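When we follow my numbering, the leftmost residue of the sequence shown carries the number 235, and every step to the right adds one.
Think of the CB as a built atom: it goes at the ideal place given N, C-alpha and C, for glycine as much as any other residue.
This structure is a prediction, so every number in the text was calculated from the model and none was measured.
Heads up: the structure comes next, in structure tokens.
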Amino acid sequence: MLSRFKQLYKKYTGGNIRPEEFKEMHCSLESVSDDNLWTAMLESADDAPVTPMPQEMKNEVKRNLRRSVISQRIKSYARYAAAVIALIFITSAVILGINAPHATSSMQEFTASIPAGSRTNLTLPDGTRVQLNAASELTFGWDTKGERVAHLCGEAFFDVAKDPDHAFRVIVSDVEIEVHGTSFNVNAYDNKNISVALVNGKVSLCGSGLRGNAYIMQPGEKAVYNNEDRSFSISRAEMNVETGWTRGNLVFKHKKLSEVIAMVERRYGVEIEMQCDSLSDDTLTGKFGNEDITDVLSSLSNMYKFKYTIKKNHITIY
């Protein structure tokens, strides 16, 4: 099974895998052990027939592996395996310009799925740099005519490559963000609210969610669209809060404890059961950097006087 997987992956990186083989490769992931999977992926990356995996990406694989070993008592090792699989698949597509099997004749596309407990940096085929946060999925499509479209679920920071002749579009639910060369953050974890924070450049927001109107954002602004009542608001963005995650920080301001707990779950790849309903709506402001999950829980416990237990990646607060 392992040798077959390596054979299929080599064909994938070579750009000559058939759709049925691509499907077989994905199905085989379920039956390949994590240890063998790491080995197969790294070996396949080393002997890629066109361009080898960049050293920076190899270092990222190693960093993820070290993190999983250090935190394995509360995190699922398989989550990191899945993250690196996505990372390698995406890197191969970007470096080699491979057609994904589900792409149409005019549009090529791939999907990056990052599980909770991990995040990654991507460089898209057009040169756009993307930081993809935990528990997020990005599908990017491009064609020879310059069309560039990204669909996002979760959160991402985009540094869009400039192309005066072709806009870059990000579609989230029924909101469309159109840019030419811009840096901005999109948070779409919450099915109710979609937020866009513009660092520099200009973006236009449009789509059926905005009742046919378009809004041109200015640097430093934050736009929030409510998916339920279709309301739309603009305010000044606090970039240290909006983009803190891109620097490895967990930043929250006037957030309900229940919302902070959800952020902790995504960041550390854990499941948290709150049995203190009376605390859920209490608001707090703060920041965590490189703290371990136990340090985060200890800090919150000291503040709210709750207790907690940890069993593998499941945490109970009571």
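Check                                                                                                                                                                        : Outcome
Return helix, strand or coil for E525, following the three-state DSSP convention.                                                                                            : coil
What residue from V413, K240, T550, L534 has the CA that sits closest to C440's CA?                                                                                          : V413
Taking the beta strand (DSSP E) that R363 falls in, what are its first and last residues?                                                                                    : 363-366
Could you pull the start and end residues of the alpha helix (DSSP H) that M497 belongs to?                                                                                  : 491-502
Short of 7 angstroms in beta carbon distance, which residues of its chain neighbour A448, apart from the five on each side in sequence? Order them along the chain.          : S438, L439, C440
State the DSSP-derived secondary structure class of R464, mapped to helix, strand or coil.                                                                                   : coil
Between the segment 361-375 and the segment 345-352, are three or more C-beta pairs nearer than 8 angstroms?                                                                 : yes
Taking the alpha carbon of G388 as the point to measure from, which residue in L534, V485, A422, N460 has its own alpha carbon closest?                                      : A422
So, for N483: in the same chain, excluding its five sequence neighbours on each side, which residues have a beta-carbon less than 6 angstroms away from its beta-carbon?     : K521, G523
Which one of L513, L518, E507 has the shortest CA to CA distance from Y542?                                                                                                  : E507
Figure out for me which residue from R501, I428, A496 has the closest Cα to the Cα of I468.                                                                                  : I428
In angstroms, rounded to a whole number, what distance separates the CA positions of K456 and K240?                                                                          : 46 angstroms
So V475 packs on M451, CB below 8 angstroms; how close in whole Å?                                                                                                           : Wrong, their Cβ atoms sit about 17 angstroms apart, outside the cutoff.
Please list the terminal residues of the continuous beta strand (DSSP E) segment that includes V475.                                                                         : Element bounds for V475: not the beta strand (DSSP E) but the alpha helix (DSSP H), 473-476.
With C-beta atoms as the reference, is A350 less than 8 angstroms away from E525?                                                                                            : no
Pull the bridge partners of H400 from the DSSP assignment, please.                                                                                                           : Paired residue(s): none; H400 is not in a bridge.
Compare the beta carbon distance of Y459 and V409 with 8 angstroms and say whether it is the shorter of the two.                                                             : yes
Taking only the alpha-carbon atoms, compute the straight-line gap between L242 and Q342 and give it to the nearest angstrom.                                                 : 20 angstroms
Around the C-beta of G361, are 16 or more other C-beta atoms found within 10 angstroms, so that it is buried, or is it exposed?                                              : exposed
In whole angstroms, give me the CA-to-CA distance for T416 and D511.                                                                                                         : 41 angstroms
Can the beta-carbon of S514 be found less than 8 angstroms from the beta-carbon of K487?                                                                                     : no
For N355, collect the residues of the same chain with a Cβ closer than 6 angstroms to its Cβ; drop the 5 residues on either side in sequence, then sort them by chain order. : Q365
Once the 5 residues before and after T477 are set aside, which same chain residues still bring their CB inside 8 angstroms of it?                                            : F391, N419, A431, V433
Only counting the same chain, and skipping five residues up and downstream in sequence, which positions put a Cβ closer than 6 angstroms to that of D516?                    : L491
Out of S535, S352, A401, state which residue places its alpha-carbon closest to the alpha-carbon of E435.                                                                    : Reading the sequence as shown, one finds Gly at residue 435 and not Glu. Among S535, S352, A401, the Cα nearest to that of G435 is on A401.
Could you tell me the boundaries of the beta strand (DSSP E) in which Q342 lies?                                                                                             : 342-348
Out of curiosity, what's the CA-to-CA distance linking T397 and W376?                                                                                                        : Note that residue 397 corresponds to Asp in the displayed sequence, not to Thr. Cα to Cα, the separation comes out at about 13 angstroms.
Does DSSP put S438 in a helix, in a strand, or in coil?                                                                                                                      : strand
Please state whether DSSP places L432 in a helix, a strand or coil.                                                                                                          : strand
Could you have a look at T480 and say whether DSSP puts it in helix, strand or coil?                                                                                         : helix
So, for D280: in the same chain, excluding its five sequence neighbours on each side, which residues have a beta-carbon less than 6 angstroms away from its beta-carbon?     : Bear in mind that a pLDDT of 45 at D280, under 50, signals an unreliable position, so the number given afterwards is only what the model happens to contain. Cβ neighbours of D280 beyond the five flanking positions: none.
Who pairs with Y542 in a beta bridge, going by DSSP?                                                                                                                         : I551
Out of H385, S532, A471, W479, point me to the one whose CA is closest to V501's CA.                                                                                         : The question names Val, but residue 501 is Arg in the sequence shown. Measuring from the Cα of R501, the nearest candidate turns out to be W479.
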